[in-house]
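K.L.:
This structure is in structure tokens; I'll ask about it shortly.
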Amino acid sequence: PDDICKLLREVHSVAVVGLSPNASRPSFRVAQALQGFGYRILPVRPLVAEVLGEKAYPDLESLPEVPDIVDVFRASEHVPAIVESCIRLGIKNLWLQDGVVHEAAALRAQQAGITVVMDRCMFRDYVQLCNA
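Counting in this note's numbering, the sequence shown runs from 779 upward without gaps.
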């Protein structure tokens, strides 16, 4: 818990992969809450112009800057490709939301020096562990 809180206090920009423009979806609600906590949200979702007032990008490679952390709201089978993008781009932190589990990809990311948090909710951990 202390390591997770430390990570959440150190990051400022969050690329949210799979961020839905639908306000009823968990990705939207989590990103909106993180935005409210002061994080800069970088939506990563093809075919969408913007989400939460931020320009959306089709993939991590299209982002205008390297985010502090990538928060993944995609099915587990998409994680290996996301990990490869993170490695190529030099992204240092990867967060896989509740239910997103891919042990092999997480190990690959860790071996490349990426800090990985898997099967946890960034919003819930921020509130519960960092006394928001």
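Even glycine gets a Cβ: it sits at the ideal position worked out from N, Cα and C.
From a predicted model like this one, the values you see are computed outputs, not experimental measurements.
Taking the alpha helix (DSSP H) that PRO804 belongs to, which residues open and close that run?
P.N.:
804-814
K.L.:
Which residue's Cα is closest to the Cα of PRO845: LEU820, PRO804, CYS908, LYS784?
P.N.:
LEU820
K.L.:
If I measure Cβ to Cβ from SER805 and keep anything under 7 Å in the same chain, skipping five residues before and after, which residues do I get?
P.N.:
VAL794, GLY796, LEU797, SER798, PHE851
K.L.:
Use the C-beta contact count for GLN888: other C-beta atoms within 10 angstroms, 16 or more gives buried, fewer gives exposed.
P.N.:
exposed
K.L.:
In terms of alpha-carbon separation, which member of VAL905, GLN875, HIS880 lies closest to ALA859?
P.N.:
HIS880
K.L.:
Are the beta-carbon atoms belonging to GLU843 and LEU867 less than 8 Å from one another?
P.N.:
no
K.L.:
Expressed to the nearest angstrom, what Euclidean distance is found between the alpha-carbon atoms of LYS870 and GLY877?
P.N.:
21 Å
K.L.:
Per DSSP, which residues does ASN871 bridge with? Please list them.
P.N.:
Note: ASN871 sits in a beta bridge opposite THR893.
K.L.:
Does the separation of the CB atoms of SER791 and ARG818 fall below 8 Å?
P.N.:
Yes, Cβ-Cβ distance for SER791 and ARG818 is below 8 Å.
K.L.:
Which residue marks the beginning of the beta strand (DSSP E) containing ASP849, and which one marks its end?
P.N.:
847-850
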